[in-house]
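Below is one structure, written out as structure tokens; the observations come after it.
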Amino acid sequence: MTEPSSTPTPDLSEYQLGESVGYLISRVKSTLSNLVTQRSMAELGITSQQGSILFMVASGKCLLAAELAREYGIDASAVTRLIDRLEKRGLLTRVRSNEDRRVVRLALTPEGHAIAAKMPAIFTGVLDSLLGGFTPEEVGFLKSMLRRVLINSGEQTGPTRDAASNFDSKS
Numbered sequence: 098m099t100e101p102s103s104t105p106t107p108d109l110s111e112y113q114l115g116e117s118v119g120y121l122i123s124r125v126k127s128t129l130s131n132l133v134t135q136r137s138m139a140e141l142g143i144t145s146q147q148g149s150i151l152f153m154v155a156s157g158k159c160l161l162a163a164e165l166a167r168e169y170g171i172d173a174s175a176v177t178r179l180i181d182r183l184e185k186r187g188l189l190t191r192v193r194s195n196e197d198r199r200v201v202r203l204a205l206t207p208e209g210h211a212i213a214a215k216m217p218a219i220f221t222g223v224l225d226s227l228l229g230g231f232t233p234e235e236v237g238f239l240k241s242m243l244r245r246v247l248i249n250s251g252e253q254t255g256p257t258r259d260a261a262s263n264f265d266s267k268s
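Spelled out as structure tokens, the structure:
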């Protein structure tokens with residue numbers, strides 16, 4: 098058995114992680130999510146992901162658990178657990194379709210709607226802080242480049258998606 102090495106291999110030590118676009122995007126997403134969670138927990142008692150899900154249901158973008166799983170890139174069981182928590186808190190309900198009993202739609206309760214309505218201000222406030230010092234043109238250019246990345250990945254983009262998933266700000 099060989100001893101674990103604490104010395105990085107030459108290829109790894111030469112890789113500049115801080116210059117990796119993927120790493121930077123990941124760190125920005127993590128920072129954004131953490132800051133939104135700090136605000137949404139303090140103001141509404143929910144995480145950024147829960148608030149975003151409520152917003153997506155309220156906007157009509159995602160009305161089924163499968164749509165949420167696709168939107169967030171997480172497995173169906175994780176979405177089910179999130180929905181269970183939101184349902185237990187009285188923020189949303191599952192409604193079986195009359196046309197197709199296999200289909201279960203998500204619907205917000207009045208409290209869920211009230212929270213969803215407050216999420217854009219939280220998203221915008223956090224992003225305005227993070228984008229402090231950026232000109233409107235720079236923000237527009239950043240959004241344009243991010244949309245191109247999504248298009249290159251095969252994803253469709255649109256106004257509803259940008260507002261909820263990317264916490265659109267400084268339109």
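Residue numbers for the sequence shown follow this note's numbering, beginning at 98 and rising by one. Idealized CB from N, CA, C, for every residue including glycine. Since we're looking at a predicted model, the values are computed, not measured.
Can you grab the Cα-Cα spacing for the pair residue 73 / residue 204, in whole Å?
-> The displayed coordinates of the chain run from 98 to 268. Any statement about residue 73 would go beyond what the structure contains.
Could you have a look at residue 188 and say whether DSSP puts it in helix, strand or coil?
-> The residue labelled residue 188 in the question sits at position 91 within the sequence shown. DSSP places residue 188 in the coil class of the three-state scheme, outside both helix and strand.
Could you pull out every residue in the same chain whose Cβ sits closer than 8 Å to the Cβ of residue 201, ignoring the five residues on either side in sequence?
-> In the sequence shown, residue 201 corresponds to position 104, counting from 1. These residues qualify, in order along the chain: 161, 162, 191, 192, 193 and 194.
At what residues does the beta strand (DSSP E) containing residue 202 begin and finish?
-> Translated into positions along the sequence shown, residue 202 becomes position 105. Looking at the DSSP string, the run of the beta strand (DSSP E) that includes residue 202 is 201-205.
Quick one: is residue 113 buried, meaning 16 or more other Cβ sit within 10 Å of its Cβ, or exposed?
-> As a working mapping, residue 113 is identified with position 16 in the sequence shown. With a threshold of 16 other beta carbon atoms within 10 Å, residue 113 falls short and is exposed.
Distance, Cα to Cα, residue 119 vs residue 196?
-> As a first step, residue 119 is located in the sequence shown; it is residue number 22 there, counting from the start. As a first step, residue 196 is located in the sequence shown; it is residue number 99 there, counting from the start. For residue 119 and residue 196, the distance between alpha carbons rounds to 43 Å.
Leaving out five residues before and five after residue 261 in sequence, what residues of the same chain have Cβ atoms less than 7 Å from its Cβ?
-> Position 164 of the sequence shown holds residue 261. Legend: pLDDT at residue 261 = 43, less than 50; position of this residue unreliable, value from coordinates given subsequently. Within the same chain, residue 261 has close Cβ partners 149, 152, 153, 156 and 158.
What's the call for residue 238, buried or exposed, on a 16-neighbour Cβ count within 10 Å?
-> For the purposes of this step, residue 238 is taken as the residue at position 141 of the sequence shown. Flag for residue 238 reads exposed.
With distances taken between CB atoms, is the gap from residue 125 to residue 223 smaller than 8 Å?
-> Counting from 1 along the sequence shown, the entry for residue 125 is found at position 28. Counting from 1 along the sequence shown, the entry for residue 223 is found at position 126. No.
Segment limits, alpha helix (DSSP H) that includes residue 137 | Residue mapping note: residue 137 aligns to position 40 of the sequence shown, counting from 1. Where residue 137 is concerned, the enclosing alpha helix (DSSP H) starts and stops at 118-141.
Under three-state DSSP, which class holds residue 161?
-> Here residue 161 corresponds to residue number 64 of the sequence shown, with the count starting at 1. Note: residue 161 maps to strand in three-state DSSP.
With 16 as the cutoff for other CB atoms within 10 Å, does residue 213 come out buried or exposed?
-> The residue given as residue 213 occupies position 116 in the sequence shown. Residue 213 comes out buried.
Could you work out which residue in 111, 143 and 235 is closest to residue 211 when comparing CA atoms only?
-> The sequence position of residue 211 within the sequence shown is 114, counting from 1. The candidate whose alpha carbon is nearest that of residue 211 is 143.
With distances taken from CA atoms, which of 235, 226, 185 and 171 is nearest residue 209?
-> By one-based count along the sequence shown, residue 209 stands at place 112. It is 185 whose Cα lies nearest to the Cα of residue 209.
Can you give the Cα-Cα distance for residue 139 and residue 147, rounded to whole angstroms?
-> On the sequence shown, residue 139 is found 42 positions in, with the first residue counted as 1. On the sequence shown, residue 147 is found 50 positions in, with the first residue counted as 1. Annotation: residue 139 to residue 147 spans about 14 Å, alpha carbon to alpha carbon.
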